[in-house]
Structures are given as C-alpha cells and as structure tokens.
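Below is one structure, written out as structure tokens, with a few remarks after it.
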Amino acid sequence: MKKSYSIINLRNIQNEEKDLGGLTFVEELNDIPFGIKRIYSIYGTKAEKRRGFHSHKSNWQLLFCPYGCIELILDDGYEKNVVVLDKPYTGLIIPPNYWREIVWKQDNSVLMVAASEMYDPDEYIRDYDEFMTYIQNNA
Ligand code: TYD
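Remember, our numbering sits 1246 above the position in the sequence shown when you count from 1.
Okay, structure coming up:
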C-alpha cells in the first residue's frame, strides 16, 4: 500500500520559567519511521520564494520549521495537499514519491530536514512529467 505523508507533534518540553522557551527533539525509529543519515537546513530565504520542485525515489524525510512559517504543497500524482509548518514542534514526515513545492511565507523562515539517505542526485526526479510517468509505472 502507498505510504502517506503524516504530520506529527515533535516531543516538546516547555520550560516552566518565563522566557526560557521550549526544547524539541526527535529520535530515529522512536519518533519517526526511519533512521537518519543526513541533516540539512535551508535559511536566508525571503517570503513568497519557492523551492523544491522535485520528488525522491527512495529518500524519506522529516521536515520542521524551528523559526517562521513555511508551506508545503505535496502532490502524490493523484491529489495535492497543503501543509503549513508554523510551530517549532510540528513535524512533517514525507515518504518517497511526493512532488513538493516549498513556499516561504515569512522572511528567513528556517527549514530543517532529517533524511533517511545520503545525498544522491540520481534518486531525485526534477521534472514533473517524469514524476507522473514514474508514479504511473511504480504505483
Ligand atoms: P536542492 O535539493 O535542489 O534544494 P531545493 O530543491 O530546495 O532548491 O539542493 C540545492 C543544491 O544543494 C543542489 O545543488 C544539491 C545540493 N545539495 C547537496 O549537495 N547535498 C544535500 O544534502 C542537499 C539537500 C543538497
């Protein structure tokens, strides 16, 4: 059966002392369904800019936005859904085979990504028609 994306609450500890803030954390396999081989962040992006425009053949990812507001448009080849990451403790798990557009809703929002695979340009699909053909042949 096709794996669907999911939204999770990251484990979150709010300090009881005023202005000390919160702390979130994630453990591979305990909190997310994959082991983490790579972590990266995207920063310094201005509002209304868009990135992404690709899918992955094998890479699972956890996305979260520790600062700001970022919108994900997720397309599995059949339907599109929008997920908004606007809290530091909201996580989005994306299995392979989702075309994604990432829209910055606020200047300098930070996108953190934990990935199941090392960087491999060959497991990306960067052309939408190729993505649709791949989905139809690998459903
Ligand atoms: P890319 O995945 O295309 O980012 P976006 O889709 O958000 O624009 O990555 C941008 C560039 O960074 C591209 O040249 C590939 C390189 N890159 C790495 O070398 N290693 C990595 O782990 C990642 C995520 C990207």
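All residues carry an ideal CB built from backbone N, CA and C; glycine is no exception.
So does the region 1289-1301 actually touch the region 1346-1360, counting three or more Cβ pairs closer than 8 Å? The answer is yes - the region 1346-1360 touches the region 1289-1301, with three or more Cβ pairs under 8 Å.
Which residues does DSSP pair with Arg1346 in a beta bridge? On the sequence shown, position 100 is the one that residue 1346 refers to. For Arg1346, the beta-bridge partners assigned by DSSP are His1300 and Leu1320.
Expressed to the nearest angstrom, what Euclidean distance is found between the alpha-carbon atoms of Asn1261 and Trp1306? Taking the first residue of the sequence shown as position 1, residue 1261 is located at position 15. Taking the first residue of the sequence shown as position 1, residue 1306 is located at position 60. Cα-Cα distance, rounded: 31 Å.
To the nearest angstrom, how far is the alpha carbon of Pro1312 from that of Asp1353? One-based indexing of the sequence shown puts residue 1312 at position 66. One-based indexing of the sequence shown puts residue 1353 at position 107. Inter-residue distance for Pro1312 and Asp1353 is about 13 Å (C-alpha atoms, whole angstroms).
Outcome for Leu1331 when other beta-carbon atoms lying within 10 angstroms are tallied against a minimum of 16: Here the question's residue 1331 lines up with position 85 in the sequence shown. Result: buried.
Pull up the distance between the alpha-carbon of Arg1372 and that of Leu1269, whole angstroms please. By one-based count along the sequence shown, residue 1372 stands at place 126. By one-based count along the sequence shown, residue 1269 stands at place 23. Taking the straight line from one Cα to the other gives about 35 Å.
First and last residue of the beta strand (DSSP E) that includes Asn1327? Within the sequence shown, numbered from 1, the residue matching residue 1327 stands at position 81. Looking at the DSSP string, the run of the beta strand (DSSP E) that includes Asn1327 is Lys1326 to Leu1331.
Span separating the alpha-carbon of Ile1316 from that of Gly1267: The residue given as residue 1316 occupies position 70 in the sequence shown. The residue given as residue 1267 occupies position 21 in the sequence shown. Rounded to whole angstroms, Ile1316 and Gly1267 show a C-alpha spacing of 21 Å.
So which of Gly1314, Tyr1380, Lys1326 and Ser1287 has the shortest CA-CA distance to Val1359? Walking along the sequence shown from the start, residue 1359 turns up at place 113. When each option's Cα is compared against that of Val1359, the closest is Ser1287.
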